[in-house]
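Below is one structure, written out as structure tokens; the observations come after it.
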Amino acid sequence: MSFRSVFIAVTVAFALVLGAFLVNRARPRVETDQPTADFVRANGKCAECHARLQYSVVHEYEMSKHAKKGVNCLDCHQPTEGQQKKDHHGFVISTKLTAGNCRNCHEGIYQEFLHSRHAAPSWAAIYGEKGLSAEQVAFSEQYQPGGTKRPPHPFVNSEGGAAMVSGCEQCHAVGRPNDDGTIGSCTNCHSRHTSSVALARRPSTCGQCHMGPDHSQIEIYDESKHGVMFAAQENLLKLNADPKTLSTRDMFVPTCATCHMSGLNGLKMTHDPSDRLGWYLANPVSEKRPNSLRAQNEMKQVCSQCHTQPLIDRVYAQADQVVANTNTKVLAAKDIVDGLRKDGTLTGPPFSNPIDFTYFDLWHYDGRTSKHAAFMGGADFVQWHGNYGLMQKTVQLKHDAEALRRAHASGK
Amino acid sequence: MPAVNNLRMRAIQLLKSPQLAWLFDPALLLEIFVASNLAVLAADIVLAHSVNQFRNPAEYIPLYFSADAPVLLLVAMLAKGRWRSQDAWRDIGLLIGGLSVLVGLAGVIYHLRSGFFAEHTLRSLTYAAPFAAPLAYTGLGFLLLLNRMVAARETEWARWVILLATGGFFGNFVLCLTDHAGNGFYLKTEWIPVISSALATGFLIVPVIAPVTRRYLDLCLVVLGLQALVGVVGFGLHLWMNYNTPGGSLFEKSIYGAPPMAPLLFPNLVGLALIGLWQLATHLPEGTAERPGVFDQLLSCVAEPSTEN
Numbered sequence: 038m039s040f041r042s043v044f045i046a047v048t049v050a051f052a053l054v055l056g057a058f059l060v061n062r063a064r065p066r067v068e069t070d071q072p073t074a075d076f077v078r079a080n081g082k083c084a085e086c087h088a089r090l091q092y093s094v095v096h097e098y099e100m101s102k103h104a105k106k107g108v109n110c111l112d113c114h115q116p117t118e119g120q121q122k123k124d125h126h127g128f129v130i131s132t133k134l135t136a137g138n139c140r141n142c143h144e145g146i147y148q149e150f151l152h153s154r155h156a157a158p159s160w161a162a163i164y165g166e167k168g169l170s171a172e173q174v175a176f177s178e179q180y181q182p183g184g185t186k187r188p189p190h191p192f193v194n195s196e197g198g199a200a201m202v203s204g205c206e207q208c209h210a211v212g213r214p215n216d217d218g219t220i221g222s223c224t225n226c227h228s229r230h231t232s233s234v235a236l237a238r239r240p241s242t243c244g245q246c247h248m249g250p251d252h253s254q255i256e257i258y259d260e261s262k263h264g265v266m267f268a269a270q271e272n273l274l275k276l277n278a279d280p281k282t283l284s285t286r287d288m289f290v291p292t293c294a295t296c297h298m299s300g301l302n303g304l305k306m307t308h309d310p311s312d313r314l315g316w317y318l319a320n321p322v323s324e325k326r327p328n329s330l331r332a333q334n335e336m337k338q339v340c341s342q343c344h345t346q347p348l349i350d351r352v353y354a355q356a357d358q359v360v361a362n363t364n365t366k367v368l369a370a371k372d373i374v375d376g377l378r379k380d381g382t383l384t385g386p387p388f389s390n391p392i393d394f395t396y397f398d399l400w401h402y403d404g405r406t407s408k409h410a411a412f413m414g415g416a417d418f419v420q421w422h423g424n425y426g427l428m429q430k431t432v433q434l435k436h437d438a439e440a441l442r443r444a445h446a447s448g449k
Numbered sequence: 004m005p006a007v008n009n010l011r012m013r014a015i016q017l018l019k020s021p022q023l024a025w026l027f028d029p030a031l032l033l034e035i036f037v038a039s040n041l042a043v044l045a046a047d048i049v050l051a052h053s054v055n056q057f058r059n060p061a062e063y064i065p066l067y068f069s070a071d072a073p074v075l076l077l078v079a080m081l082a083k084g085r086w087r088s089q090d091a092w093r094d095i096g097l098l099i100g101g102l103s104v105l106v107g108l109a110g111v112i113y114h115l116r117s118g119f120f121a122e123h124t125l126r127s128l129t130y131a132a133p134f135a136a137p138l139a140y141t142g143l144g145f146l147l148l149l150n151r152m153v154a155a156r157e158t159e160w161a162r163w164v165i166l167l168a169t170g171g172f173f174g175n176f177v178l179c180l181t182d183h184a185g186n187g188f189y190l191k192t193e194w195i196p197v198i199s200s201a202l203a204t205g206f207l208i209v210p211v212i213a214p215v216t217r218r219y220l221d222l223c224l225v226v227l228g229l230q231a232l233v234g235v236v237g238f239g240l241h242l243w244m245n246y247n248t249p250g251g252s253l254f255e256k257s258i259y260g261a262p263p264m265a266p267l268l269f270p271n272l273v274g275l276a277l278i279g280l281w282q283l284a285t286h287l288p289e290g291t292a293e294r295p296g297v298f299d300q301l302l303s304c305v306a307e308p309s310t311e312n
């Protein structure tokens, strides 16, 4: 046996092995340093198929912060306790993700969300306690009294299931009860595969649900100076700035999230959007929240990142005045309708007479709009979409009430 | 040790019987190797392309080819052996060989298109369909062409067979590397077939490019023995992994999990390399009489006059 033969054999073999080690070493650690082999495989195997089947899903994920931090498909899609497991091409996954998947890493945020009206109260606003466990109802009632322990909305029966499922539920499912015992879906605001902070900071994301005559926050915002500036300077903002270090340099124009949730310039961040609110503005007659002083002070702190104290105090004083004024008008309207029921002029179930709708529209549309607009700088909505409607419907109510009384008296 | 000697004599007599004369016909052995490999590839394609449910109609091409080609090759072998029709054997073989080369090369392009051509990165190469796998067809096709274009008893034939076996081991090296890289070499044992196939590639390339002795071929036998062992153990480990992985049926886990057939490529290529080495050894001078090697002993046994004669 010649030395040359052995030398060539060993050299070639060693070169190949060395090459293999070097190629493997060139792979990013974020791909290979995973808790199990399945996680490593998921890194590329999922994309290998889904890039052809649902390209946008893979592309969105690749642009996400999750991808940059090495969170891969299986991290989110692994079934948590109580979730249905599905065998999927060699992986065991969950296809229906909930807040239960996100909380594995974002428990603190999930707990903040659970305290909020986005959680169980949002669902209960349509279906009442249906689907929620007694523990979930009790938990939510501690923080949002009366928000969850309530009957289903009367429209559930009168409008029917289809209207609820394709209408109301599309937004109110942000607080849906899940099979795994958790509540809600983070992807309603952050989207599924981008898991985007920037998306959640955009007014249009909140405006998916907070729009229309009954909660016209996005229209009010668009009309406000904040909204006008956002439209003009959106491209100068750092919508994807790290929440932990977010400053007014990043978001010098506020969006919904900036005021209601962000930890601007070191302030406390929250995933309870009502944490800084002092009033129950959505109620027919608004009352102060149990923690209104603390909440308003925190909101004023956010305001003070850009505005002087006199301006902030003036806006709050004016807005409080609008709330009080609206309460008076709604109470007057309520007295008219209550009077009709009391003297037997108005009978039957709710929403069985046109006057029920006039009163409902008065507080549900015009009343709410005037109050929201007063706090959000939407002058036109305080007046023409708010107080004008309150006045017009009050006149209508009085007129209709008189007509009902005359008809009742004449026995028609 | 009269019992052992007796057994040895009986084995030699058996090998030298006219019924087993085909065992020493290298061209026929090569034909059987190619035909059986194509047949096994049909089953392998069913498993491999079930991963994406044969989504692209082109994925059926290797399946149909692998199912039909062995039958035609069997006809070709019968044509040569029974009906003495050398032309039919040659033409059928050339046709299947040529087609096999094309199927393999086209397969490489198709496999790379699954990911690598869209994004030229190490990652896409790792997770794309195994681009080296279709080259099995190309290798088998070349073997058929070789068998018809070079005389089987020549040294050149033997060197070509060894070269193609080397190519097979190199392909195995790439397959192991990319497939196990998909797991991030989570288990360190996943490096064993990579190192093993690199060793086989290194040792088998030598007889192709440099003059060697029978002693060196003995060393190659040791290396090939290691390959066979790695393949059989790997087969068991792949099955064990699939059996113990949660979720799905064993069939489904075989499709999406560790490919059970893949490690068997090692013993399979050992068979091909042995055909080439055996034939090459017959052209090499014998070793020293004092220390005869394995090939020396095997060849002397076969060359010994039968006790019956």
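Line by line, the protein sequences are chains H and B. Each residue of the first sequence is one higher than the one before, counting from 38 in this note's numbering. Each residue of the second sequence is one higher than the one before, counting from 4 in this note's numbering. Ideal Cβ placement from N, Cα and C applies to all residues, glycine included.
1. What would DSSP say about VAL211/H, mapped onto helix, strand or coil?
2. Name the chain H residues that come within less than 7 angstroms of THR204/B, Cβ to Cβ?
3. The alpha helix (DSSP H) spanning VAL43/H covers which residue range?
4. Where does SER252/B land, buried or exposed, given buried means 16+ other C-beta within 10 angstroms?
5. Chain B beta carbons: is any one of them nearer than 7 angstroms to that of ILE45/H?
6. May I ask you to list the residues that DSSP assigns as paired with ASP124/H?
7. Can you give me the C-alpha to C-alpha distance between LEU275/B and ARG156/B, rounded to a whole angstrom?
8. State the Cα-Cα distance for the pair PHE394/H and ALA199/H, rounded to the nearest angstrom.
9. How should GLU311/B be labelled, buried or exposed, when 16 other C-beta atoms within 10 angstroms of its C-beta is the threshold for buried?
10. Can you tell which of ARG116/B, ALA135/B and PRO29/B has the C-alpha that lies nearest to the C-alpha of ASN59/B?
11. Give me the chain B residues within the contact set of CYS113/H, using Cβ-Cβ distance strictly less than 9 angstroms, ordered along the chain.
12. Under 7 angstroms, do GLY100/B and LEU147/B count as touching if we go by C-beta distance?
13. Just how far apart, CA to CA, sit HIS445/H and ASP380/H?
14. Please report the distance separating the alpha-carbon of LEU330/H from that of LYS337/H.
15. Under the three-state reduction of DSSP, which class applies to LYS325/H: helix, strand or coil?
16. Mind pulling the chain H residues with CB within less than 7 angstroms of TYR259/B?
17. Reducing DSSP to helix, strand and coil, say where TRP86/B ends up.
18. Strictly below 7 angstroms CB to CB, what residues from chain B border ARG41/H?
19. Indicate whether the contact test is met: 3 or more Cβ pairs, each with one atom in the stretch 305-320 of chain H and one in the stretch 142-152 of chain H, closer than 8 angstroms.
20. So THR69/H contacts chain B; which residues on that side make the cut at Cβ distance below 8 angstroms?
21. So which residues of chain H does THR192/B contact, with C-beta pairs closer than 8 angstroms?
22. Between ARG78/H and ASN186/B, which are expected to be in contact by the criterion C-beta below 8 angstroms, what is the C-beta distance as a whole number of angstroms?
23. Assuming GLY260/B and ASN245/B form a contact by the criterion Cβ under 8 angstroms, report the distance between their Cβ atoms to the nearest whole angstrom.
24. Taking the straight line between their C-alpha atoms, what separation do you get for PHE289/H and ALA175/H?
25. Expressed to the nearest angstrom, what Euclidean distance is found between the alpha-carbon atoms of SER261/H and ILE220/H?
26. Using the beta-carbon count (16 or more within 10 Å), is ASP216/H buried or exposed?
27. When Cβ atoms are compared, which residues of the stretch 157-176 of chain B fall closer than 9 angstroms to chain H?
28. I need the straight-line Cα distance from GLY279/B to PHE51/H, nearest angstrom please.
29. Against chain B, does ASN61/H count as a neighbour if the rule is that its beta carbon must be under 7 angstroms from one of theirs?
30. Could one say the Cβ of GLY251/B lies closer than 7 angstroms to chain H's Cβ atoms, at least one of them?
From the atom records:
1. Here residue 211/H is taken as the residue at index 174 of the first sequence, counted from 1. In the structure shown, VAL211/H sits in a helix (DSSP, three-state: H, G or I).
2. In the second sequence, residue 204/B corresponds to position 201, counting from 1. Result: VAL49, ALA50 and LEU53.
3. Position 6 of the first sequence holds residue 43/H. Unbroken alpha helix (DSSP H) run through VAL43/H: 40-62.
4. Start at 1 with the first residue of the second sequence, and residue 252/B comes out as number 249. Flag for SER252/B reads exposed.
5. For this step, residue 45/H is matched to residue 8 along the first sequence. Yes - at least one Cβ of chain B is within 7 angstroms of the one on ILE45/H.
6. As a working mapping, residue 124/H is identified with position 87 in the first sequence. Answer by DSSP bridge pairing, in chain order: VAL129/H.
7. Taking the second sequence and counting its residues from 1, one reaches residue 275/B at position 272. Taking the second sequence and counting its residues from 1, one reaches residue 156/B at position 153. Approximately 16 angstroms between the Cα atoms of the pair.
8. Within the first sequence, numbered from 1, the residue matching residue 394/H stands at position 357. Within the first sequence, numbered from 1, the residue matching residue 199/H stands at position 162. Taking the straight line joining both Cα atoms gives about 21 angstroms.
9. Translated into positions along the second sequence, residue 311/B becomes position 308. Since pLDDT at GLU311/B reaches only 41, below the 50 mark, its modelled position is unreliable, and the value read off the structure follows with that caveat. Its Cβ having fewer than 16 others within 10 Å, GLU311/B is exposed.
10. Along the second sequence, read from residue 1 onward, the residue named residue 59/B stands at position 56. That would be ARG116/B, whose Cα lies nearest to the Cα of ASN59/B.
11. Numbered from 1 along the first sequence, position 76 holds the residue referred to as residue 113/H. Within 9 angstroms Cβ-Cβ: nothing; CYS113/H doesn't reach chain B, min ~18 angstroms.
12. Position 97 of the second sequence, counted from the first residue, corresponds to residue 100/B. Position 144 of the second sequence, counted from the first residue, corresponds to residue 147/B. A distance below 7 angstroms separates the beta carbons of GLY100/B and LEU147/B.
13. The residue given as residue 445/H occupies position 408 in the first sequence. The residue given as residue 380/H occupies position 343 in the first sequence. Using only the alpha carbons, I get a separation of about 10 angstroms.
14. In the first sequence, residue 330/H corresponds to position 293, counting from 1. In the first sequence, residue 337/H corresponds to position 300, counting from 1. Those two C-alpha atoms are separated by around 10 angstroms.
15. Taking the first residue of the first sequence as 1, we reach residue 325/H at position 288. In this structure, LYS325/H counts as strand in the three-state DSSP scheme.
16. For the purposes of this step, residue 259/B is identified with residue 256 of the second sequence, where counting begins at 1. Result: HIS126 and GLY127.
17. Within the second sequence, residue 86/B is the residue found at index 83, counting from 1. Three-state DSSP puts TRP86/B in coil, outside helix and strand.
18. Counting from one through the first sequence, the residue named residue 41/H turns up at place 4. Chain B residues near ARG41/H: ALA213.
19. yes
20. Numbered from 1 along the first sequence, position 32 holds the residue referred to as residue 69/H. Those are GLY187 and PHE188, listed as they occur along chain B.
21. Position 189 of the second sequence, counted from the start, is the residue given in the question as residue 192/B. By Cβ distance, chain H contributes nothing, its closest Cβ being about 12 angstroms from THR192/B, past 8 angstroms.
22. Residue 78/H sits at position 41 when you count from the first residue of the first sequence. Residue 186/B sits at position 183 when you count from the first residue of the second sequence. Correct: roughly 6 angstroms between the Cβ atoms.
23. Here the question's residue 260/B lines up with position 257 in the second sequence. Here the question's residue 245/B lines up with position 242 in the second sequence. With a Cβ gap of about 4 angstroms, GLY260/B and ASN245/B count as contacting.
24. Residue numbering aside, residue 289/H sits at position 252 when the first sequence is read from its first letter. Residue numbering aside, residue 175/H sits at position 138 when the first sequence is read from its first letter. For PHE289/H and ALA175/H, the distance between alpha carbons rounds to 40 angstroms.
25. For the purposes of this step, residue 261/H is taken as the residue at position 224 of the first sequence. For the purposes of this step, residue 220/H is taken as the residue at position 183 of the first sequence. Approximately 33 angstroms between the Cα atoms of the pair.
26. Here the question's residue 216/H lines up with position 179 in the first sequence. Classification of ASP216/H: exposed, given that the 10 Å Cβ count is below 16.
27. PHE173 and PHE176
28. Start at 1 with the first residue of the second sequence, and residue 279/B comes out as number 276. Start at 1 with the first residue of the first sequence, and residue 51/H comes out as number 14. The straight-line gap from Cα to Cα measures roughly 24 angstroms.
29. Counting from one through the first sequence, the residue named residue 61/H turns up at place 24. Output row for ASN61/H: interface = yes.
30. Walking along the second sequence from the start, residue 251/B turns up at place 248. Yes, GLY251/B counts as interfacial toward chain H.
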